[in-house]
Amino acid sequence: MKIIFTTLMALFLLSPALSQQALTEEERSMTVAELENTRAMLEENTTGLTEAQLNYKSAEGAWSIAECVEHLAISENAFGEMIKGALAAEADPSKRAEVKMSDGDLLNMIRDRSSKIKTAEPFEPSGKFGTHEETLGAFKGLREMHIALVRETEDDLRNRYGQLPFGTIDGLQVILFMSGHTERHVKQIMEIKESEGYPSE
2 MKIIFTTLMA LFLLSPALSQ QALTEEERSM TVAELENTRA MLEENTTGLT EAQLNYKSAE
62 GAWSIAECVE HLAISENAFG EMIKGALAAE ADPSKRAEVK MSDGDLLNMI RDRSSKIKTA
122 EPFEPSGKFG THEETLGAFK GLREMHIALV RETEDDLRNR YGQLPFGTID GLQVILFMSG
182 HTERHVKQIM EIKESEGYPS E
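The opening residue of the sequence shown carries number 2 in the working numbering; numbering runs sequentially from there.
Right under this line is the structure:
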């Protein structure tokens, strides 16, 4: 009886630690790869552009490449705040059923440029970071912080949550959505570069 009691007490004392589920190595490496790949995509498609190319707009009301990059820097910061909010809350496995989308479905949805989404005013570009180089630098600094977080965290991201207009996602999915959002706008940048009238230099 004493052995059973001791075992139950040990399990009780360990239960907070057991309830914390760190990322698997597969989840960690997949997410880091996503973040690094979309950062590289953005750099590759914006490096060496002239001022005329950065500021060209394919139509009235359309964004320029520079504005797309600023939107990404603003969004990277906002997603970072969402991640902080998720980590500030206690892990809650009871809410897990509210997460309806798989990682793959979430990424496919945000990457898909066939459906357009109106950007909320706080995420509209306004030149707040300064030059294009400063704006890209702000994005890269935030992205490096997020990559480091995924590499190092032992927090239970799967049982912490964020809210988006379409529903609840888990903490790791917030990070994946952020990466997919970058890819979405890199595709927009590529469309601008392929549009008629885009400056050759």
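Backbone N, C-alpha and C fix where the C-beta goes; we use that ideal spot for every residue, glycine too.
Review point. By how many angstroms is the C-alpha of Pro126 removed from the C-alpha of His72?
Key: 5 Å
Review point. Do Thr169 and Glu99 have their C-beta atoms closer together than 7 Å?
Key: Taking a C-beta distance under 7 Å as the contact criterion, Thr169 and Glu99 qualify as a contact pair.
Check your understanding: For Gly168, which three-state DSSP category applies?
Key -> strand
Review point. For Gly172, is the classification buried or exposed, using 16 other Cβ atoms within 10 angstroms of its Cβ as the cut-off for buried?
Key: buried
Review point. Terminal residues of the continuous alpha helix (DSSP H) containing Arg144?
Key: Taken as a continuous stretch (DSSP letters only), the alpha helix (DSSP H) holding Arg144 covers 133-153.
Point to revise | Proximal residues to Arg144 (C-beta, below 7 Å), its chain only, five neighbours per side dropped | key: Once the five neighbours on either side are set aside, the close Cβ partners of Arg144 are Leu36, Arg40, Glu77.
Practice item. Below 7 Å CB to CB, which residues in the same chain sit around Gln22 once its five sequence neighbours on both sides are set aside? Key: Result list for Gln22: Asp157, Arg159, Asn160, in chain order.
Practice item. Would you grab the beta carbon distance between Phe80 and Val175 for me? Rounded to a whole angstrom, and I think it's under 8 Å. Key: 6 Å
Review point. Which residues bound the alpha helix (DSSP H) around Ala98?
Key: Careful: Ala98 lies outside any alpha helix (DSSP H) and carries neither H nor E.
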